[in-house]
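Since the structure comes first, as structure tokens, the remarks are kept for the end.
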Amino acid sequence: MMEITICGRGGQGGVTLAKIIASAYFLKGKYVQAFGVYAAERSGAPIQAFVRVDDEEITNHNQVQHPDHIVVLDRTLIAPGMDATLKPGGYLIINNPVDKTEFKDHFSGRKVATVDATSIAVANDLGTRTVPIVNTTMAGSIARVLGLTLTEILAALEHLGFTGPNKTCAREAYKRIHITTLPGEIHQAQAPAGKVRVADIFDEDVGGMPKIKTGSWATEKPERRRLTPPCNHVCPAGNDVRGFVEATGQANYDLALSLLLETSPLPAVCGRVCPAPCMDTCNRAEFDQSVNVREIERAAAELGTRPAPNRSTREAAVAVVGSGPAGLSTAYQLARLGYPVTLFEAGDELGGVLRTGIPSYRLPRDVLDDEIDYILSHDITAHTGCQLKREDMLRLSREYQAVFIATGLQNVSDLDLGETDAPAPVQGLHFLEKVRQGNERLDGQRVIVIGGGNTAMDAARSALRIGASEVRVVYRRTRTEMPAIHEEIEQALEEGIILDELVSPVTLVDSANGPVLTCQGMKLGPPDDSGRPRPIADTSPESRYDLPCDLVILALGQSHDISILPEGSVIKEGEALLGLSGAPFFVGGDFATNAGTVSAAIGCGVRAARHIHRTLSGEDLFPPPEEPIASSDQIRFNRFAHQSRAAVKTLDPDQRRRCFDEVHLGFQAGPGGETSVGQGAVSEALRCLSCGVCNKCDRCLEYCPEGVLKRDDKTDGYVFDLEYCKGCGVCMTACPRGAIYMAEL
Amino acid sequence: MGRTLATGNNVAGHTLALAGEANRHARGCCAGAYPITPQTEIIEFLSGFKFNKGRIVLVESEHSAMGVCIGAALAGARTFTASSSNGLAYMTENIYAAGYYRLPTVMIAVNRTLGPPWNIWVDQGDSLMMRDAAWLQFYCDSHQDLADTILLAFRVAEDKRVMLPVIVAMDGFVTSHTQMVVDMFEQEQVDAFLPPCVIPHKLKHDHPSTFGGMTFSSETEHHRYAIQQSMEQALPVLEEARDEFENIFGRRPAGALETYETDDAETILIACNTMARTLHNVVTERRANGEKIGMIRTKLFRPFPRKELLAAIGNAKRVAVLDRNHSPGSGGIFWLEIAATLKDHADILLQDYLVGLGGGDVTPENIHAIIDDMNKRTTASEPEWKDTSI
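Going down the list, the sequences are from chains Y and G. Residue numbering for the first sequence follows the working numbering, beginning at 1 and increasing consecutively. Residue numbering for the second sequence follows the working numbering, beginning at 1 and increasing consecutively.
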């Protein structure tokens, strides 16, 4: 009787190989037996299979103890003593590249047959790159050693249904097998070790780590990574959105606020007026609703304690022209870096559009003043009522080591509505300034606002509050194309403001019943330069009509006034202007980009400060390139429970339409309940999925079937015990936020 | 089909299917099925087989699997299923029901150790757990024995004189997953061997009846007595079945037990399943050295063939039982039966050896050691543990 032992790893087809060999002899009329040892035969685990061949019926059913030949499917299984039970004269048939002979000393004196079955199998697409199936290939080499003909082994393959590449591989191996006898003496078999003590159910160390280092079974290993959450990616100010939301969720408002203050000195402002692109991009929107990040920022600003401001430590002084959000942001960042900063503001009060362009029912004065005061508490000297012009720039370039221009959009777009005796149309920003100073009333008047942006909405809602009997907003495209913040439009409509979409004003004339605005109905055509559909006049006769009104307000957009700079200056954010002697000049904010939001301006300020700092000190504080963004594909939504947003309080439209009290009141009791701002903020912040960033939820640790994950406080995360980790990938699947991936070993 | 290379599970699945198909001109066949290692391939095979008149019903548990067999048998179908280990344990209530309802279901028990702790390897404890459930039990040592016995099982079970279900056991992995040479049957041969399944007490629409209703002690006693009488009929019916089998297939399958070198044996070893096969070689070897040693393979366990066993033991004075099973608090279960058989033979030294519990690999060396131990004995002792770790 011939007995063969096959040593392989689960997935390499060891048991089937036993059946292939058995089939070859069965077809020659022999009695055969083929079986595997069933235990932990998962992919990668060491396995054994056996073949017996005899002329008579085989009756032994125990495992083969003294094989005539040993087959090794995976050379990583080779260990000293592996040939101990092999009969003298027997072969070791090994899947091994011919040039790799590390096993020479283990198998001295033995007959060894090798072939690189892995390469042959991979070249013929048998199995995968990490687990190639080498059995049919090895069948060829084994046949050659055993004295079976190629025809006989191919017949066996066919008998079991193997075709095509399997036969090719067997042929290859049959041809290429390299047979040799290793020099030296055959190692004597070791005396068997004494009995192994078997653990008892009542033993104290029951449940300890196993003696088998199962890490050797792995073909992949887990790695932790940190992706960029989409909110962080899209925030124009560069805030660590996920970070301050997580801190709020832990009720650590101080940490939340200090994270915000790293990049933005205006969290109370942004927590009220930011259009929140972070919320538009929030992955949770797919699941139930996006996290109410804006509200959380507002709460953090309210509940957190600010760090004390630092004093200046550097000689180099910087001038900042314009105290809107970009100027304030730059001044703040430079002051934090230790530079003394002088801030120049043309108006009577600091703040720029924060002051003049945003009405107090959206941004209360005291909130703005408080944040500006904190900024100024750093080493920043502010001069108001100081309109600088081109000729002042030379002086600045000599008195300061760097200059930053952020004068915003000074020019307003006009509209020719024809010669008329009717009251002239008023510019939205000028109107808002008059309202702010408290001098305007429009009781009983009908007001038309032309435009679709935030200024149009602010003007319309302000007009209502100072007594207008009717306020219409006339816009030449539809609501979808309006650049104003969605919530603004919603609140305006709630307050009773009428939105006339697809209407363009033509002329303003006086009539017996008062001023009349003639309007032209519009249609949407193909996209124009802005990417939005071009409005085209509707040619049907009913499309032209009259709107009686008492006041027309224009809010058609603004543009920068570059007269402050030398002629021919090319404005580019982040680059020092050329052609100016003395200190380098940088530009930013709407003046440079026309981005139109407070957060974009703040972001400009952060970058400008870094540019200036790099220019003056050589130190580069720009962050490294971003990690890939954690898309919703990374999130396993079914791990989370649906949870609706924490309640927020807004004044009733009827209550608010006639006063300038703050409309939006943040996290407070919804109808019926009593909730504090903190409770609302924490509960909302806990809705954050922490996309792509580990938040130590322990799910990976709980689900690891082998218990090879532990908390690691040194690295602020988890550590994998790769001695035992089998690379199963359950941790990767358990992580609901894509913080773990499997890498090839 | 002829001579082929197949695993024990292939053999079982195929033979069950042929037997089921053989009833296609009568009420057809039906199996309730649920998978468990190491039986799963039987269920897979049956699920893929195209029966002309039959259904494999995949259910959510072994308990329901037997429930399906009971229901289908009460409708007159030929029924069968397979299970192992804790699956059999889950099925227990319904196993007793099939027995006490006197329904001729055939179940393949692919022997596997009962847990906990979790263990996938062979041990006869799972089928032996059912020894009181009024089922016949056959223990098969080879692929051929398995194939033959499955057919015998249907024939004996469905005989009016027996009308009891049958367990046909094989070793998990060592038989079920091991590929060996076997002669498989043609459908025509099976059709000839197995008459249509007739279940006299099945449900009849023109003569409605209830099953399993309440009885008093006297009726229950009567019921149990009738079962015992049918059990006693099983042996003569088995002999008739073997004769019919030989006529059709040209060879005589093993009956209640098989003997080897027992005629003048002084020491006899008794074992079942694949351990008996390995034992066979050892006996041959020891005989070649001049020892008067023999072996008995116990194939039929229920009814326990006491008469036949006594006859086989003959004049041997030393009997060793190799039990790959154990009833805690007593000893090996085959030993207990054999001890009852030898109750009137105090002169025979009967020794129990517990070998391969939990699936240990039983080698010729293990068996040699047992024989050596027997040879040294002057008296029997409590059951000896011959597991590898004791």
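For every residue, glycine included, the Cβ atom is placed at its ideal position computed from N, Cα and C.
- Task: Buried or exposed for Pro46 of chain Y, please, with buried defined as at least 16 other CB atoms from any protein chain shown within 10 angstroms of its CB.
- Result: Translated into positions along the first sequence, residue 46 of chain Y becomes position 46. Buried, since its Cβ has 16 or more Cβ neighbours within 10 Å.
- Residues in its own chain within less than 8 Å of Pro526 of chain Y by CB, not counting five upstream and five downstream? Within the first sequence, the letter at position 526 stands for residue 526 of chain Y. Excluding positions up to five away in sequence, the list reads Pro533, Arg534.
- Task: Check the Cβ of His280 of chain G against every Cβ in chain Y and list those closer than 8 Å, keeping chain order.
- Result: On the second sequence, residue 280 of chain G is found 280 positions in, with the first residue counted as 1. Within 8 Å Cβ-Cβ: Thr59.
- Message: Alpha carbons only, please: which of G:Leu279, G:Val11, G:Val110 is nearest the one belonging to Tyr260 of chain G?
- Response: As a working note, residue 260 of chain G is residue 260 in the second sequence. Of the listed residues, the one whose Cα sits closest to Tyr260 of chain G is G:Leu279.
- Using a C-beta to C-beta distance shorter than 8 Å, which residues of chain Y count as neighbours of His207 of chain G? Position 207 of the second sequence, counted from the start, is the residue given in the question as residue 207 of chain G. Simply none; closest approach about 50 Å.
- Message: Taking the alpha helix (DSSP H) that Asp370 of chain Y belongs to, which residues open and close that run?
- Response: For the purposes of this step, residue 370 of chain Y is identified with residue 370 of the first sequence, where counting begins at 1. First-last of the alpha helix (DSSP H) with Asp370 of chain Y: 365-376.
- Rounded distance between the beta-carbons of Ala268 of chain Y and Arg294 of chain Y, thought under 8 Å: For the purposes of this step, residue 294 of chain Y is taken as residue 294 along the first sequence, with counting starting at 1. For the purposes of this step, residue 268 of chain Y is taken as residue 268 along the first sequence, with counting starting at 1. Taking 8 Å as the upper bound for CB-CB distance, Arg294 of chain Y and Ala268 of chain Y are not in contact here, some 11 Å apart.
- Query: Since Arg155 of chain G meets chain Y, which of its residues come closer than 7 Å, beta carbon to beta carbon?
  - Reply: The sequence position of residue 155 of chain G within the second sequence is 155, counting from 1. Taking a Cβ-Cβ cut-off of 7 Å, Arg155 of chain G has no neighbours in chain Y, whose nearest Cβ is about 25 Å from it.
- Is it the case that the Cβ atoms of Leu154 of chain Y and Lys175 of chain Y are separated by a distance below 7 Å? As a position in the first sequence, residue 154 of chain Y is number 154, starting the count at 1. As a position in the first sequence, residue 175 of chain Y is number 175, starting the count at 1. Taking the C-beta atoms as reference points, Lys175 of chain Y is found no nearer than 7 Å to Leu154 of chain Y.
- Query: Tell me which same chain residues have a C-beta within less than 7 Å of the C-beta of Leu148 of chain Y, skipping the five on either side of it?
  - Reply: As a working mapping, residue 148 of chain Y is identified with position 148 in the first sequence. Excluding residues within five positions, the ones whose Cβ falls inside 7 Å are Ala24.
- Query: Which two residues bound the contiguous alpha helix (DSSP H) that contains Tyr90 of chain G?
  - Reply: Walking along the second sequence from the start, residue 90 of chain G turns up at place 90. Run containing Tyr90 of chain G: 85-100, per the alpha helix (DSSP H) assignment.
- Distance between beta carbons of Gly727 of chain Y and Ser220 of chain Y, contact taken as under 8 Å: For this step, residue 220 of chain Y is matched to residue 220 along the first sequence. For this step, residue 727 of chain Y is matched to residue 727 along the first sequence. One point to set straight first is that residue 220 of chain Y is Glu, not Ser, in the sequence displayed. The C-beta distance from Glu220 of chain Y to Gly727 of chain Y rounds to 4 Å, short enough to meet the 8 Å contact threshold.
- For the beta strand (DSSP E) that contains Pro736 of chain Y, what are its first and last residues? Position 736 of the first sequence holds residue 736 of chain Y. No residue range can be given for Pro736 of chain Y, since it is assigned to no beta strand (DSSP E) and is classified by DSSP as neither H nor E.
- Query: Would you say Arg24 of chain Y faces chain G, with C-beta separation under 7 Å as the test?
  - Reply: As a working note, residue 24 of chain Y is residue 24 in the first sequence. It is worth fixing the name first, because residue 24 of chain Y is Ala in this sequence and not Arg. Chain G, which has no Cβ nearer than 7 Å to the Cβ of Ala24 of chain Y, makes this no.
- Message: Taking only three categories from DSSP, how would you classify Pro653 of chain Y?
- Response: For this step, residue 653 of chain Y is matched to residue 653 along the first sequence. Of the three classes helix, strand and coil, the one that applies to Pro653 of chain Y here is helix, per DSSP.
- Which term fits Ile212 of chain Y, buried or exposed, when burial requires 16 or more other beta carbons within 10 angstroms of its beta carbon? Looking up residue 212 of chain Y in the first sequence gives position 212. Per the 10 Å Cβ criterion, exposed.
- Message: Assuming the contact rule is C-beta atoms closer than 8 Å, Ala609 of chain Y and Leu343 of chain Y should be a hit. Round their C-beta distance to whole Å, please.
- Response: Here residue 609 of chain Y is taken as the residue at index 609 of the first sequence, counted from 1. Here residue 343 of chain Y is taken as the residue at index 343 of the first sequence, counted from 1. Contact doesn't hold; Cβ gap of about 13 Å is too wide.
- Query: When you compare only the Cα positions, how much space is there between Ala311 of chain G and Ala39 of chain Y?
  - Reply: Looking up residue 311 of chain G in the second sequence gives position 311. Looking up residue 39 of chain Y in the first sequence gives position 39. Whole-angstrom Cα-Cα distance: 41 Å.
- Query: Of all the CB atoms in chain Y, is at least one closer than 7 Å to the CB of Phe80 of chain G?
  - Reply: Residue 80 of chain G sits at position 80 when you count from the first residue of the second sequence. Not one beta carbon of chain Y lies nearer than 7 Å to the beta carbon of Phe80 of chain G.
- Message: With H, G and I counted as helix, E and B as strand and the rest as coil, what does DSSP make of Cys519 of chain Y?
- Response: The residue labelled residue 519 of chain Y in the question sits at position 519 within the first sequence. DSSP places Cys519 of chain Y in strand when its eight states are reduced to three.
- Buried versus exposed, by CB contacts within 10 Å (16 or more), Glu217 of chain Y: Stepping through the first sequence from its first residue, residue 217 of chain Y is reached at position 217. According to the sequence as given, residue 217 of chain Y is Trp; it is not Glu. Around the beta carbon of Trp217 of chain Y, a 10 Å sphere encloses 16 or more other beta carbons of the protein chains shown; the residue is thus reported as buried.
- Task: Give every residue of the same chain whose Cβ lies closer than 6 Å to the Cβ of Val37 of chain Y, excluding the five residues on either side of it in the sequence, and list them in chain order.
- Result: Taking the first residue of the first sequence as position 1, residue 37 of chain Y is located at position 37. Here the set comprises Gln48.
- Item | Where Leu146 of chain G sits in the DSSP three-state scheme | Along the second sequence, one-based indexing puts residue 146 of chain G at 146. For Leu146 of chain G, the three-state secondary structure derived from DSSP is helix.
- Query: Excluding the five sequence neighbours on either side, which residues of its own chain have a C-beta within less than 6 Å of the C-beta of Tyr96 of chain G, listed in chain order?
  - Reply: Here residue 96 of chain G is taken as the residue at index 96 of the second sequence, counted from 1. Contacts found: Ala133.
- Any C-beta of chain Y sitting closer than 7 Å to the C-beta of Thr178 of chain G? As a working note, residue 178 of chain G is residue 178 in the second sequence. Residue contact with chain Y for Thr178 of chain G: present (Cβ-Cβ distance below 7 Å to some residue of chain Y).
- Task: Would you mind stating whether Glu627 of chain Y and Arg226 of chain Y have Cβ atoms separated by less than 7 Å?
- Result: Counted from its first residue, the first sequence places residue 627 of chain Y at position 627. Counted from its first residue, the first sequence places residue 226 of chain Y at position 226. Yes; because the gap between Cβ atoms is below 7 Å, this pair is in contact.
- For Ile120 of chain G and Pro328 of chain G, the rounded distance between their alpha carbons: Mapped onto the second sequence, residue 328 of chain G falls at position 328. Mapped onto the second sequence, residue 120 of chain G falls at position 120. Counting only the Cα atoms, Ile120 of chain G lies some 20 Å from Pro328 of chain G.
- Task: May I ask you to report which of helix, strand or coil DSSP gives Glu258 of chain G?
- Result: Translated into the one-based positions of the second sequence, residue 258 of chain G becomes position 258. Of the three classes helix, strand and coil, the one that applies to Glu258 of chain G here is strand, per DSSP.
- Do the segment 226-236 of chain G and the segment 293-303 of chain G make contact, defined as three or more Cβ pairs closer than 8 Å? Judged by pairs of C-beta atoms under 8 Å, the segment 226-236 of chain G touches the segment 293-303 of chain G, as three or more such pairs exist.
- Message: What would DSSP say about Cys169 of chain Y, mapped onto helix, strand or coil?
- Response: Looking up residue 169 of chain Y in the first sequence gives position 169. Of the three classes helix, strand and coil, the one that applies to Cys169 of chain Y here is helix, per DSSP.
- Message: Quick check: the Cα distance between Arg441 of chain Y and His430 of chain Y, rounded to an integer number of angstroms?
- Response: The residue given as residue 441 of chain Y occupies position 441 in the first sequence. The residue given as residue 430 of chain Y occupies position 430 in the first sequence. Taking the straight line from one Cα to the other gives about 14 Å.
- Item | Opening and closing residue of the beta strand (DSSP E) in which Ser511 of chain Y lies | As a position in the first sequence, residue 511 of chain Y is number 511, starting the count at 1. Counting along the chain, no beta strand (DSSP E) covers Ser511 of chain Y, and no H or E run does either.
- Message: By the 9 Å beta-carbon criterion, what residues does the segment 28-40 of chain Y contribute toward chain G?
- Response: Within the segment 28-40 of chain Y, the residues whose Cβ lies closer than 9 Å to some Cβ of chain G are Lys30, Tyr31, Val32, Gln33, Ala34, Phe35, Gly36, Val37, Tyr38, Ala39, listed in chain order.
- Query: Cα-Cα, which of Y:His69, Y:Val64, Y:Gly184 is closest to His107 of chain Y?
  - Reply: Here residue 107 of chain Y refers to the residue found at position 107 of the first sequence. Position check: residue 107 of chain Y holds Phe in this sequence, whereas His was assumed. For the residues Y:His69, Y:Val64, Y:Gly184, the minimum Cα distance to Phe107 of chain Y belongs to Y:Gly184.
- Determine the contact status of Gln409 of chain G and Val182 of chain G, defining contact as a CB-CB distance below 7 Å. Because chain G in this structure spans residues 1 to 390, residue 409 of chain G falls outside the shown range and cannot be described.
- So, does the CB of Gln63 of chain Y fall closer than 7 Å to a CB anywhere in chain G? Numbered from its first residue, the first sequence carries residue 63 of chain Y at position 63. Answer yes: the Cβ-Cβ gap between Gln63 of chain Y and chain G drops below 7 Å somewhere.
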